[in-house]
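Participant: Residue numbers (numbering that gives the first Met the number 0): 0 to 457.
All residues carry an ideal CB built from backbone N, CA and C; glycine is no exception.
Structure incoming, see below.
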Amino acid sequence: MIRQMGAVFTRFSERFMPNPMIFAILLTIITFLMGIGLTDTGFMGMVKDWYSGFWNLLTFTMQMVLILVTGHALAVAPGVKGFIEKIAGKPNNNAHAAALTALVTCIFAWINWGLGLIVGALFALEVGKQAYKKGIKIHYPLVVAAGYSGQMVWHYGLSSSSALASATEGNFMEKIIGGLVPISESILTPYAILNSILMILIVVPVIFYFMAPKKEDSVGIESYAPQLLENESASSIEPVPDKETNRGKTNVADLLENSRLLSGFVVLIGLIYIVYHFITNGFDLNLNIVNFIFLIVGLLLHQTPIRYIDAITEATKGASGIILQFPFYGGIMGMISLSGLGAVIAGWLLTFATPFTLPAITWLTGGLVNIFVPSGGGEWSILGPIITPVAQDLGVPMGKIIVAFGAGDMWTNMFQPFWAIALLGITGMKARDIMGYCMALMILAAPFFFLGLTFIPY
């Protein structure tokens with residue numbers, strides 16, 4: 000049944016799933032019409048709300064770009080990349096390849112969503128290449144979909160944008176909540192950790208294992224991305240070697256670019272600050288310190304400035320979709336928040352809220368709004384002020400609500416192709432090739448989200 004569901008959703012995706020940018024434009028139109036139909040805001044009011052929100056995510060966009068590019072640079076660093084290649088050669092059949100890719104991706108995504116996204120892409124690509132070399136029949140679209148599955152667990156982990164934002168001094172929710180919510184009360188609670196274990200070690204890998212098509216129905220990387228097999232030595236994800244002048248002589252510029260001393264000094268003072276940060280603030284993680292840690296560790300592993308520069312330069316190609324599409328999602332966010340549409344949507348679901356049902360309702364609300372605003376932080380800025388008073392009235396801890404919201408935000412990433420942009424570029428695939436399997440995962444995992452969020456103790 001699971002295999003058949005994957006096949007059905009794949010046929011649907013191949014026929015109807017557009018490019019992620021087209022998806023954003025369609026959502027803009029739908030939101031615009033919903034705002035006119037469901038609120039008192041008129042046509043021109045929605046136009047103004049759209050433009051008002053268009054540039055509201057610039058700071059957050061830069062933070063998200065840095066998470067992606069620093070995670071990418073870390074994933075292709077010496078040591079990390081070698082580990083990926085070693086593990087990717089282990090699977091000996093289709094189901095094992097999909098399940099292992101999902102497991103590795105989810106583990107790294109729990110550490111950092113950007114790292115998980117890039118490791119998932121590189122791991123899926125390497126699994127496809129090694130299976131081709133060994134003559135093992137695997138279904139490459141399923142493996143690439145498994146490489147995206149970490150986006151359904153990341154918000155339980157250390158880069159959870161709503162949890163980190165709520166723990167960051169001066170965040171927009173501080174006055175509404177009445178203070179900060181440290182991560183020890185959200186993503187580091189038994190509630191979040193046990194839900195993480197359920198998804199990472201059991202639900203996601205097992206579903207991918209059973210979704211694997213039969214051997215005779217599997218289509219490998221050679222059919223979808225043969226260009227990635229033609230010249231592996233020139234792979235675009237590899238950092239460019241140390242550079243020299245055309246005459247073969249090293250000049251002062253080359254010495255500076257390849258100086259381990261320069262990198263070492265920056266890494267040293269960076270590590271000193273990281274230690275200082277945790278000594279003075281406890282285990283305090285926020286978006287800025289997470290980005291800083293990944294930048295410093297990436298520079299350490301790449302050893303020289305020019306190698307790290309080249310890795311970051313290559314990584315920024317995958318960020319182009321974020322740069323282009325985030326303003327549109329900012330516009331959608333503006334229409335949803337300023338017109339009152341977000342309050343209408345949340346109000347429908349929160350009508351049924353009780354202390355027992357609120358986490359599950361928050362999950363469903365977050366999942367619905369995430370389709371229109373695929374940004375954990377951006378979406379939290381819409382729903383946080385609406386859900387918080389309800390949680391306070393019902394006596395539900397804010398940390399629990401933050402975790403439940405995060406579950407909804409990441410759950411419908413399996414329907415929303417926005418975050419797959421970088422993965423698709425690395426693996427040579429199209430959104431329509433993989434999103435059917437992702438949608439099947441979303442449906443099959445729903446009961447486990449509900450049960451975990453409702454019955455696992457806080």
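Would you mind reading off the limits of the alpha helix (DSSP H) that contains F209?
Facilitator: Translated into the one-based positions of the sequence shown, residue 209 becomes position 210. Here the alpha helix (DSSP H) through F209 covers V203 to M210.
Participant: Would you mind giving the Cβ-Cβ distance between I273 and I295, rounded to the nearest angstrom? I have them listed as a contact below 8 Å.
Facilitator: As a first step, residue 273 must be located in the sequence shown, where it is residue number 274. As a first step, residue 295 must be located in the sequence shown, where it is residue number 296. Confirmed, Cβ separation roughly 7 Å.
Participant: Give the single residue among N92, I176 and W153 whose Cα lies nearest to the Cα of I137.
Facilitator: The residue labelled residue 137 in the question sits at position 138 within the sequence shown. Out of N92, I176 and W153, N92 has the C-alpha closest to the C-alpha of I137.
Participant: From F31 to E221, what distance separates their C-alpha atoms?
Facilitator: On the sequence shown, position 32 is the one that residue 31 refers to. On the sequence shown, position 222 is the one that residue 221 refers to. Their backbone Cα atoms lie some 42 Å apart in a straight line.
Participant: In chain order, what residues of the same chain lie with their CB nearer than 6 Å to the CB of V118, ignoring the 5 residues before and after it?
Facilitator: Reading the sequence shown from its first residue, position 119 is the one you call residue 118. Excluding residues within five positions, the ones whose Cβ falls inside 6 Å are A74 and F107.
Participant: Please return the same chain residues whose Cβ sits closer than 7 Å to the Cβ of A439, not counting the five positions on each side in sequence.
Facilitator: What you label residue 439 is simply residue 440 of the sequence shown in a count that begins at 1. Closer than 7 Å at Cβ, skipping near neighbours: M4, G5, F8 and M210.
Participant: Under 8 Å by Cβ, that's how I've got I386 and A345 pegged, so tell me the actual separation to the nearest angstrom.
Facilitator: In the sequence shown, residue 386 corresponds to position 387, counting from 1. In the sequence shown, residue 345 corresponds to position 346, counting from 1. With a Cβ gap of about 7 Å, I386 and A345 count as contacting.
Participant: Please confirm whether W486 and I66 have their CB atoms less than 9 Å apart.
Facilitator: This structure leaves residue 486 out entirely; the chain is present only between 0 and 457.
Participant: Taking just the CA atoms, how far does D39 sit from H71?
Facilitator: Here residue 71 refers to the residue found at position 72 when the sequence shown is read from its first residue. Here residue 39 refers to the residue found at position 40 when the sequence shown is read from its first residue. Taking the straight line from one Cα to the other gives about 44 Å.
Participant: According to DSSP, simplified to helix, strand and coil, what is A252?
Facilitator: Counting from 1 along the sequence shown, the entry for residue 252 is found at position 253. Correct three-state label for A252: helix.
Participant: Going along the chain, which unbroken runs of the alpha helix (DSSP H) with 4 or more residues stay wholly within the stretch 102-184?
Facilitator: Correct list: 112-133, 139-147, 160-165 and 173-176.
Participant: Give me, in chain order, the residues of the same chain whose beta-carbon lies closer than 6 Å to that of V103; leave out the 5 immediate sequence neighbours on both sides.
Facilitator: Within the sequence shown, residue 103 is the residue found at index 104, counting from 1. Same-chain partners within the cutoff: F122.
Participant: Compute the beta-carbon to beta-carbon distance between M428 and P225, rounded to the nearest angstrom, for a pair I have assumed lies under 8 Å.
Facilitator: Position 429 of the sequence shown, counted from the first residue, corresponds to residue 428. Position 226 of the sequence shown, counted from the first residue, corresponds to residue 225. Going by Cβ atoms, the distance from M428 to P225 rounds to 12 Å, so no, they are not a contact pair.
Participant: Can you look up I35 in the DSSP assignment and give me helix, strand or coil?
Facilitator: Translated into the one-based positions of the sequence shown, residue 35 becomes position 36. Residue state, collapsed to three classes: helix.
Participant: Note down the Cα distance separating P326 from F448, rounded to an integer number of angstroms.
Facilitator: The residue given as residue 326 occupies position 327 in the sequence shown. The residue given as residue 448 occupies position 449 in the sequence shown. So the two alpha carbons sit approximately 30 Å from each other.
Participant: Near D432, which residues of its chain fall below 6 Å by C-beta distance, leaving aside the five closest residues on each side in sequence?
Facilitator: To locate residue 432, count along the sequence shown from 1; it is residue 433. If we look at D432 and ignore the five residues flanking it on each side, its Cβ neighbours are P140.
Participant: In whole angstroms, what separates the C-alpha of L367 from that of R259?
Facilitator: Position 368 of the sequence shown holds residue 367. Position 260 of the sequence shown holds residue 259. Distance between the alpha carbons of L367 and R259 is about 48 Å.
Participant: Since G330 and T27 should fall inside the 8 Å C-beta cutoff, what is the C-beta to C-beta distance between them, to a whole number of angstroms?
Facilitator: In the sequence shown, residue 330 corresponds to position 331, counting from 1. In the sequence shown, residue 27 corresponds to position 28, counting from 1. Indeed they touch by this definition, with Cβ atoms about 6 Å apart.
Participant: Relative to the C-alpha of F404, which candidate in S12, G44, A23 and M151 has its C-alpha closest?
Facilitator: Your numbering for residue 404 matches position 405 in the sequence shown. The candidate whose alpha carbon is nearest that of F404 is M151.
Participant: Would S319 be called buried (16 or more neighbouring beta carbons within 10 Å of its own) or exposed?
Facilitator: The count along the sequence shown starts at 1 and reaches residue 319 at position 320. Classification of S319: exposed, given that the 10 Å Cβ count is below 16.
Participant: Using alpha carbons as the reference points, say which of Y50, D48, K133 and W153 lies closest to D408.
Facilitator: What you label residue 408 is simply residue 409 of the sequence shown in a count that begins at 1. Among Y50, D48, K133 and W153, the Cα nearest to that of D408 is on W153.
Participant: Expressed to the nearest angstrom, what Euclidean distance is found between the alpha-carbon atoms of I442 and T279?
Facilitator: Here residue 442 is taken as the residue at index 443 of the sequence shown, counted from 1. Here residue 279 is taken as the residue at index 280 of the sequence shown, counted from 1. Going by the C-alpha atoms only, they are around 44 Å apart.
Participant: Under a three-way DSSP split, which group does Q415 fall into?
Facilitator: In the sequence shown, residue 415 corresponds to position 416, counting from 1. Three-state result, Q415: coil.
Participant: Within 10 angstroms of its Cβ, does R10 collect 16 or more other Cβ (buried), or is it exposed?
Facilitator: For this step, residue 10 is matched to residue 11 along the sequence shown. With fewer than 16 Cβ atoms within 10 Å of its Cβ, R10 is classed as exposed.
Participant: Going along the chain, which residues of its own chain have a beta-carbon closer than 8 Å to the beta-carbon of W410, five neighbours each way excluded?
Facilitator: The sequence position of residue 410 within the sequence shown is 411, counting from 1. Answer for W410: M151, W362, G365, G366, N369, M441, A444, A445 and F448, listed in chain order.
Participant: Under three-state DSSP, which class holds S51?
Facilitator: Indexing the sequence shown from 1 puts residue 51 at position 52. Helix at S51.
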